[in-house]
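**Student:** Handing you this structure, nothing more for now.
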Ligand SMILES: Cc1ncc(COP(=O)(O)O)c(C=O)c1O
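Residue numbers (my numbering): 8 to 374.
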């Protein structure tokens, strides 16, 4: 962005803000496309959401509860945590932005890992803070590298576990190790957008009970399949929650979003079923794709990252798959130009995608 043509100028640090580029969602001229570019759960939401959506849509004339009371209490009940230490947001994106807005100012530093979620950098830049990107080890976060990057200016460290777009994760022991090494005036934000996909993993909630400088973010956009409704939440110390609440807009989450999220979190069987379904499809697809000679890390989330020979090969495969109606995610903006990320679809979609890739490698050089 250069100087605006009108005689009004934005804050100086907004001049060079990059745009968030989301995954493509349509292919021009093609109707029946399969969108595998946004880590969505294509199985759709739980039954109660489907059954009750129409009823609650009739009540959209009412403003939502600005206190998010019912949803916070339901989350508290399911996760056995204090509802007063929970904040709800328009997706976890809003919580990430709020954290930067409330706790960083010009020249503060925000650390995130090399292939971390783009919103960390963008949210830091939007507050005038300096984004600090830390090298990973084979596409996995490195506690040592994070610690080395800490300076007196560091305010927040963002870490997605599992990480998007790599799908890799670090153990709870490593997170605890990191917490024991960082000064208590630095906030560690553990982004758990995909933590429900990991068996027996609480996304760092129990550690947040122990460490006041750990903040956990979660979303209803992934396993709960409510991405279109924009609901996320965060859990941390009461002091942090109070600051965030004083800054957020009062009606930040829609009434339908709040209600559907409440119905979703109550359905714990839905979550375990989706987790298992995803695991089975993901492992089967990964094994078959490894059989084609593709390189793919172990993923703990609802997507796989294909590592190809070159950026050119990634682009060619992307175009080939588009012709077959599949939209994957190019991840050059995550520093991975030779890779393509794909969401785990249902069994039929996984099989069709495998067959399409097998056809490609039948006709072209192996990886
Ligand atoms: C790691 C990570 N964190 C946060 C989000 C934001 O999700 P939402 O704003 O839909 O809650 C995403 C979305 O893709 C993500 O991949």
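Idealized CB from N, CA, C, for every residue including glycine.
In this structure, does DSSP put residue 53 in helix, strand or coil?
**Tutor:** Taking the first residue of the chain shown as position 1, residue 53 is located at position 46. Coil.
**Student:** Report the three-state DSSP secondary structure of residue 212 (helix, strand or coil).
**Tutor:** By 1-based counting over the chain shown, the position of residue 212 is 205. Note: residue 212 maps to helix in three-state DSSP.
**Student:** Specify whether the region 94-112 and the region 126-135 touch according to this definition: at least 3 beta carbon pairs, one from each stretch, less than 8 Å apart.
**Tutor:** Yes, since at least three Cβ pairs between the region 94-112 and the region 126-135 fall closer than 8 Å, the two stretches touch.
**Student:** May I ask which residues mark the beginning and end of the alpha helix (DSSP H) holding residue 125?
**Tutor:** Working through the chain shown from its first residue, we reach residue 125 at position 118. That run of the alpha helix (DSSP H) goes 125-133.
**Student:** Where does the unbroken alpha helix (DSSP H) through residue 295 begin, and where does it stop?
**Tutor:** What you label residue 295 is simply residue 288 of the chain shown in a count that begins at 1. From DSSP, the alpha helix (DSSP H) with residue 295 extends over 275-298.
**Student:** If we require 4 or more residues per run, which alpha helix (DSSP H) segments fall completely within the region 214-266?
**Tutor:** You should have 245-254.
**Student:** Within 6 Å: the Cβ of residue 124 and any heavy atom of ligand 1?
**Tutor:** On the chain shown, residue 124 is found 117 positions in, with the first residue counted as 1. Because some heavy atom of ligand 1 lies under 6 Å away, the Cβ of residue 124 counts as near it: yes.
**Student:** Would you call residue 176 buried or exposed, if buried means 16 or more other Cβ atoms sit within 10 Å of its Cβ?
**Tutor:** Translated into positions along the chain shown, residue 176 becomes position 169. It counts as buried.
**Student:** If we count the other Cβ atoms within 10 Å of its Cβ and call it buried at 16 or more, is residue 201 buried or exposed?
**Tutor:** Here residue 201 corresponds to residue number 194 of the chain shown, with the count starting at 1. Classification of residue 201: buried, given that the 10 Å Cβ count is 16 or more.
**Student:** Less than 7 Å between the beta carbons of residue 277 and residue 95, yes or no?
**Tutor:** Counted from its first residue, the chain shown places residue 277 at position 270. Counted from its first residue, the chain shown places residue 95 at position 88. No, these two residues do not count as a Cβ contact at 7 Å.
**Student:** For residue 346, list the residues DSSP reports as bridge partners.
**Tutor:** Looking up residue 346 in the chain shown gives position 339. According to DSSP, residue 346 bridges with 314.
**Student:** Is residue 354 near residue 252, with beta carbons less than 7 Å apart?
**Tutor:** Here residue 354 corresponds to residue number 347 of the chain shown, with the count starting at 1. Here residue 252 corresponds to residue number 245 of the chain shown, with the count starting at 1. Result no, Cβ atoms of residue 354 and residue 252 do not sit closer than 7 Å.
**Student:** Is the closest heavy atom of ligand 1 to the C-beta of residue 99 under 6 Å?
**Tutor:** For the purposes of this step, residue 99 is taken as the residue at position 92 of the chain shown. The answer is yes for residue 99.
**Student:** Can you tell me whether residue 225 is buried or exposed, with buried defined as 16 or more other CB within 10 angstroms of its CB?
**Tutor:** For the purposes of this step, residue 225 is identified with residue 218 of the chain shown, where counting begins at 1. The residue is buried, with at least 16 neighbouring Cβ atoms inside 10 Å.
**Student:** Do residue 318 and residue 345 come within 7 Å of each other at the CB atom, strictly closer than that value?
**Tutor:** Indexing the chain shown from 1 puts residue 345 at position 338. Indexing the chain shown from 1 puts residue 318 at position 311. Yes, the Cβ-Cβ distance between residue 345 and residue 318 is below 7 Å.
**Student:** To the nearest angstrom, how far is it from the Cα of residue 349 to the Cα of residue 85?
**Tutor:** The residue you call residue 349 lines up with position 342 of the chain shown. The residue you call residue 85 lines up with position 78 of the chain shown. Approximately 30 Å, taken between the alpha carbons.
**Student:** CB residue 332 to CB residue 48, shorter than 7 Å?
**Tutor:** The count along the chain shown starts at 1 and reaches residue 332 at position 325. The count along the chain shown starts at 1 and reaches residue 48 at position 41. No; because the gap between Cβ atoms is not below 7 Å, this pair is not in contact.
**Student:** Between which two residues does the beta strand (DSSP E) harbouring residue 96 extend?
**Tutor:** For the purposes of this step, residue 96 is taken as the residue at position 89 of the chain shown. Unbroken beta strand (DSSP E) run through residue 96: 93-96.
**Student:** Would you say residue 198 touches ligand 1, meaning its beta carbon is less than 6 Å from a heavy atom?
**Tutor:** As a first step, residue 198 must be located in the chain shown, where it is residue number 191. Yes, since a heavy atom of ligand 1 falls inside the 6 Å radius drawn around the Cβ of residue 198.
**Student:** So is the beta-carbon of residue 147 under 6 Å away from any non-hydrogen atom of ligand 1?
**Tutor:** The residue you call residue 147 lines up with position 140 of the chain shown. It does not: the Cβ of residue 147 is nowhere closer than 6 Å to a heavy atom of ligand 1.
**Student:** For the candidate residues 303, 369 and 229, whose alpha-carbon lies nearest to that of residue 51?
**Tutor:** The count along the chain shown starts at 1 and reaches residue 51 at position 44. It is 229.
**Student:** Tell me where the alpha helix (DSSP H) around residue 185 begins and ends.
**Tutor:** Counting from 1 along the chain shown, the entry for residue 185 is found at position 178. Unbroken alpha helix (DSSP H) run through residue 185: 179-188.
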